[in-house]
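Okay, so here's the structure we're looking at.
Numbering (the numbering used here), first residue to last: 288 to 478.
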């Protein structure tokens with residue numbers, strides 16, 4: 288039997304045997320991808336996914352069914368991650384895991400396409416590492432998780448205009464970073 292995202296909190300509240308299994312199946316992988324991109328540490332990401340799931344189950348009575356359950360879960364994960372990042376100050380020292388931004392191709396890519404994709408991932412990883420936490424969170428939630436502006440605004444507890452502004456600055460920063468990288472490569476190739 289398939290459950291919707293809004294069935295999960297009801298199952299958790301009723302302490303249904305299928306509740307956690309369903310919750311985990313629907314949310315663990317997206318949370319892991321998002322948190323890995325945000326905190327840039329595999330082990331910390333795994334810990335934060337577990338802590339997020341535990342907090343959701345413990346505080347399910349605080350969830351109001353007016354909003355999207357997925358957004359509420361991501362808000363808890365984001366709050367945990369930002370608190371941990373502030374505590375550890377990992378943002379400037381750990382590279383982003385390349386698996387975070389893998390690009391799926393319909394056909395198997397040839398060696399040249401794989402090299403290009405790898406180079407793009409390295410450039411995006413390096414560009415993301417230069418972003419403030421707030422811009423990186425918005426970029427990952429939008430580009431990687433496909434959340435809407437309103438969902439992201441709810442997760443981060445900011446107005447939709449702030450989300451749009453942060454996304455604009457994140458994209459601009461990535462474009463400028465990539466342009467700077469290609470300019471420096473062109474100069475070094477011409478030398």
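Backbone N, C-alpha and C define an ideal beta-carbon position, used for all residues, glycine too.
Residue from the options with nearest C-alpha to residue i
i           : options            : result
residue 456 : 374, 423, 349, 339 : 423
residue 432 : 315, 465, 294, 449 : 315
residue 421 : 435, 445, 410      : 445
residue 369 : 341, 332, 300      : 332
residue 417 : 298, 308, 465, 452 : 465
residue 350 : 372, 296, 308      : 296
residue 313 : 448, 294, 409      : 294
residue 440 : 342, 290, 355, 347 : 355
residue 348 : 409, 330, 300, 458 : 300
residue 375 : 405, 447, 341, 328 : 328
Pair within 9 Å by beta-carbon distance, residue i and residue j
i           : j           : result
residue 310 : residue 336 : no
residue 357 : residue 434 : yes
residue 318 : residue 306 : no
residue 339 : residue 372 : no
Backbone CA spacing between residue i and residue j [nearest angstrom]
i           : j           : result
residue 413 : residue 304 : 43 Å
residue 363 : residue 442 : 8 Å
residue 359 : residue 407 : 32 Å
residue 320 : residue 462 : 23 Å
residue 437 : residue 415 : 22 Å
residue 334 : residue 452 : 30 Å
residue 411 : residue 302 : 42 Å
residue 292 : residue 467 : 42 Å
Contact the region 415 to 435 vs the region 321 to 337: 3+ CB pairs below 8 Å: Contact holds: three or more Cβ-Cβ distances are below 8 Å.
At which residue ranges does the region 348 to 380 contain complete alpha helix (DSSP H) runs of 4 or more residues, listed in the order of the chain? Within the region 348 to 380, the complete alpha helix (DSSP H) segments of 4 residues or longer fall at 356 to 375, listed in chain order.
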